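According to the working numbering, the sequence shown is numbered sequentially starting from 167.
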Amino acid sequence: MKVLIVGGGGREHAIAWKCSESSRVTKLYAAPGNAGIAEIAECVDISVMDADKLVAFAKEKEIDLTIIGPDDPLVAGVADAFTNAGLRVFGPAKNAAIIEGSKAFSKDLMKKYNIPSAAYETFDNADKALEYLETAKMPIVLKADGLALGKGVLICNNLEEAKEGVKTLMLDKQFGTAGDRIVIEEFMTGREVSVLCFCDGTHIKPMASAQDHKRAKDGDQGLNTGGMGTFSPSPFYTDEVDEFCKKYVYQATMDAMKKEGRDFVGILFCGLMLTPDGPRVLEYNARFGDPEAQVVLPRMKNDIIDVMEACIDGKLDEIDLQFEDKAAVCVVLASDGYPEHYEKGLLISGLENFKDKEDRYVFHAGTKATEKGVVTNGGRVLGVTAKGKDLFEARANAYEATKWIDFDNKYMRNDIGKAIDEQ
Ligand code: AMP
Ligand code: GLY
């Protein structure tokens, strides 16, 4: 069958790679893709937001299944455009992707259906938000309601910072209309875990757990980024936590969305915090995590096409989702300066070292093929993933493999997976 992948980051390369392993796929396309995806798929220069062109392309090429990777097109309703055109698509409809698109929506949903999360208030008026803060307990968390590239969350240690935060989000509009409404949330402590789940609207199946490292610098210092590295599984995600979440988070969310008339079909990413009082939802995303996909998909034993089709057909209960016992670690190679200012167009060497190497993968995030070779084309450039018999071996393997690649201004965190030393 012919498959189209919408997106061009590391997550989409991991999805494309996993599709390329399927015996059912005869031809892969990607829009717009990147230099790494281009090695396994035919890339077409169509924007992820251009629903009309994407649908026209899918019709012209007789695509059997389209997989939408990023949040922006899902929240904007690109999946709906495919469904309305009678085409098969993997990714939630707009009325379900709102679970990521509006934090106020997701918080209200959790409250209404008793899904464990932090206490909160929603404000669309800056004066009221400032007044509320005067008597609120610190630290406190401010969140822009809408999509803000993962940067619309401010952790404020005291009243001053919190007031400044309200100004940044609501008055200075640093994230545009995403900050017209904000959620002010109780600050929670604990280990963070990402659990990505396949959903068919009724049934939900969690994949292996993972942990992300969002800050730019070692020791969780520096600015928030899209993610600097991941490991899977999380040793802190115990069977007990899994039991609890299956009942009170995953299935509860699936049921809540159904009751609201917003059947969720696609990937529901549950960002959890394991607090002293039990697991709590930090956020939902309506898609695979990036770079969570880069550690979870290489461990998945199933044919991804079988699982995605089961989701679309409402038959996920018939799938036995299986993951290898091996662990995986992904270290992101970024351009120094990310997430602020960084250079593009720097020549990358050593990519060929990954060819035919078992359990070693290089997923392209921000790259471009040029006449002189593959060059950097974004802040996060590559994700180097390696597997091992346990997390320690996987981490050593991943860091060893980062040495195979070189480019000017290559930057990475040196403590991805450090948490496993503390378990
Ligand atoms: P989010 O985009 O909602 O996942 O938030 C980004 C990051 O902010 C999370 O990964 C957490 O590290 C942190 N965060 C969000 N909400 C809270 C909270 N209520 N308490 C503590 N930290 C939080
Ligand atoms: N790695 C976090 C995310 O994809 O949102």
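The beta-carbon is built from N, C-alpha and C at its ideal position, and this holds for glycine as well.
All values reported here derive from a predicted model rather than from experimental measurement.
Own chain partners of residue 519 with C-beta closer than 7 Å, once the 5 adjacent residues on each side are dropped: Taking the sequence shown and counting its residues from 1, the one referred to as residue 519 is at position 353. Within the same chain, residue 519 has close Cβ partners 570.
What are the boundary residues of the alpha helix (DSSP H) that includes residue 446? Position 280 of the sequence shown, counting from 1, holds the residue named residue 446. Counting along the chain, residue 446 falls outside any alpha helix (DSSP H), though it belongs to the beta strand (DSSP E) covering 444-451.
By DSSP's criteria, residue 352 is part of a beta bridge. Which residues make up the other side? On the sequence shown, residue 352 is found 186 positions in, with the first residue counted as 1. Under DSSP, residue 352 takes part in a beta bridge, and its partners are 306.
Report the three-state DSSP secondary structure of residue 583 (helix, strand or coil). By one-based count along the sequence shown, residue 583 stands at place 417. Reduced to three states, the DSSP call for residue 583 is coil.
Tell me, please, whether the segment 347-366 touches the segment 479-486 by the rule of three or more beta-carbon pairs shorter than 8 Å. yes
State buried or exposed for residue 531, treating a residue as buried only when at least 16 other CB atoms are found within 10 Å of its CB. Start at 1 with the first residue of the sequence shown, and residue 531 comes out as number 365. Buried, since its Cβ has 16 or more Cβ neighbours within 10 Å.
So residue 551 packs on residue 461, CB below 8 Å; how close in whole Å? Working through the sequence shown from its first residue, we reach residue 551 at position 385. Working through the sequence shown from its first residue, we reach residue 461 at position 295. Right, the Cβ-Cβ distance comes to about 6 Å (below 8 Å), so this counts as a contact.
Mind checking whether the beta-carbon of residue 289 lies closer than 7 Å to any heavy atom of the ligand AMP? Position 123 of the sequence shown holds residue 289. No, the ligand AMP has no heavy atom inside 7 Å of this Cβ.
Test item: CB-CB of residue 398 and residue 494 under 8 Å: Start at 1 with the first residue of the sequence shown, and residue 398 comes out as number 232. Start at 1 with the first residue of the sequence shown, and residue 494 comes out as number 328. Yes, these two residues count as a Cβ contact at 8 Å.
How far does the alpha helix (DSSP H) with residue 415 in it reach, from first residue to last? To locate residue 415, count along the sequence shown from 1; it is residue 249. For residue 415, no alpha helix (DSSP H) encloses it, and the DSSP letter there is neither H nor E.
Below 8 Å, how does it come out for the segment 347-366 and the segment 430-438: are there three or more Cβ pairs, yes or no? yes
Does the Cβ of residue 507 have 16 or more other Cβ atoms within 10 Å, making it buried, or fewer, making it exposed? To locate residue 507, count along the sequence shown from 1; it is residue 341. Classification of residue 507: exposed, given that the 10 Å Cβ count is below 16.
Only counting runs of 3 or more residues, tell me where the beta strand (DSSP E) segments fall wholly within the segment 221-282, in order along the chain. 231-234
Between the segment 513-527 and the segment 562-576, do three or more beta carbon pairs fall short of 8 Å? yes
Pick out the complete beta strand (DSSP E) segments inside the segment 168-221, 3 residues or longer, and give them in chain order. 168-173 and 193-198
Take residue 490 as the anchor and find which of 528, 447 and 374 has the nearest alpha-carbon. Within the sequence shown, numbered from 1, the residue matching residue 490 stands at position 324. The shortest Cα separation from residue 490 among 528, 447 and 374 belongs to 374.
With a threshold of 16 other CB atoms inside 10 Å of the CB of residue 602, please say whether the residue is buried or exposed. Limits of the chain in this structure are 167 at one end and 589 at the other, which puts residue 602 out of reach.
Following the continuous beta strand (DSSP E) through residue 390, name the residue where it begins and the one where it ends. To locate residue 390, count along the sequence shown from 1; it is residue 224. Its beta strand (DSSP E) spans residues 387-390.
Secondary structure, beta strand (DSSP E): runs of 3+ residues fully inside the segment 467-551: 493-501, 526-530, 533-536 and 539-542
I need the straight-line Cα distance from residue 535 to residue 176, nearest angstrom please. Working through the sequence shown from its first residue, we reach residue 535 at position 369. Working through the sequence shown from its first residue, we reach residue 176 at position 10. The alpha-carbon atoms of residue 535 and residue 176 are separated by roughly 15 Å.
Contact test: residue 353 Cβ vs the ligand AMP heavy atom, cutoff 7 Å: Translated into the one-based positions of the sequence shown, residue 353 becomes position 187. Yes.
Residues near residue 190 by beta carbon distance below 6 Å, same chain, minus five either side: On the sequence shown, position 24 is the one that residue 190 refers to. Excluding its 5 nearest sequence neighbours in each direction, residue 190 has C-beta neighbours in its own chain below 6 Å: 167 and 471, listed in chain order.
Pull up the CB-CB distance for residue 496 and residue 445, whole angstroms please, since I reckon it's below 8 Å. In the sequence shown, the residue the question calls residue 496 occupies position 330. In the sequence shown, the residue the question calls residue 445 occupies position 279. Not a contact, Cβ separation roughly 23 Å.
As assigned by DSSP and simplified to three states, the class of residue 285: Within the sequence shown, numbered from 1, the residue matching residue 285 stands at position 119. Coil, per DSSP.
Close Cβ partners of residue 186 (< 8 Å) along its chain, the five nearest in sequence each way excluded: For the purposes of this step, residue 186 is taken as residue 20 along the sequence shown, with counting starting at 1. Within the same chain, residue 186 has close Cβ partners 194, 206 and 207.
Check whether the segment 384-398 touches the segment 415-433, taking contact to mean three or more Cβ pairs, one atom from each stretch, closer than 8 Å. Taking a cut-off of 8 Å for Cβ pairs, the segment 384-398 and the segment 415-433 do not touch, as fewer than three such pairs fall below it.
When burial is assigned at 16 or more other CB atoms within 10 Å of the CB, is residue 351 buried or exposed? Counting from 1 along the sequence shown, the entry for residue 351 is found at position 185. Classification for residue 351: buried.
Looking at the structure shown, is residue 420 part of a helix, part of a strand, or coil, going by DSSP? Reading the sequence shown from its first residue, position 254 is the one you call residue 420. Correct three-state label for residue 420: helix.
Is residue 329 helix, strand or coil when you go by DSSP? As a working note, residue 329 is residue 163 in the sequence shown. The answer is helix: DSSP assigns residue 329 an H, G or I state.
With respect to 7 Å, is the separation between the Cβ of residue 458 and the closest non-hydrogen atom of the ligand GLY below this value? Here residue 458 corresponds to residue number 292 of the sequence shown, with the count starting at 1. True, at least one ligand heavy atom lies under 7 Å from that Cβ.
Host alpha helix (DSSP H) of residue 293 (start-end): What you label residue 293 is simply residue 127 of the sequence shown in a count that begins at 1. Residue 293 -> alpha helix (DSSP H) spans 292-300.
Consider the C-beta atom of residue 238 and the heavy atoms of the ligand GLY; say whether any pair is separated by less than 7 Å. By 1-based counting over the sequence shown, the position of residue 238 is 72. No - the ligand GLY has no heavy atom lying nearer than 7 Å to the Cβ of residue 238.
Output yes or no for whether 8 Å exceeds the beta carbon distance between residue 210 and residue 251. If you number the sequence shown from 1, residue 210 lands on position 44. If you number the sequence shown from 1, residue 251 lands on position 85. No.
For residue 422 and residue 502, I'd like the C-alpha separation in whole angstroms. Here residue 422 refers to the residue found at position 256 when the sequence shown is read from its first residue. Here residue 502 refers to the residue found at position 336 when the sequence shown is read from its first residue. Distance between the alpha carbons of residue 422 and residue 502: 43 Å.
Tell me whether residue 357 sits in a helix, a strand or coil according to DSSP, three-state version. By one-based count along the sequence shown, residue 357 stands at place 191. Note: residue 357 maps to strand in three-state DSSP.
How big is the Cα-Cα spacing for residue 184 and residue 455? Position 18 of the sequence shown holds residue 184. Position 289 of the sequence shown holds residue 455. Computed Cα separation, rounded: 15 Å.
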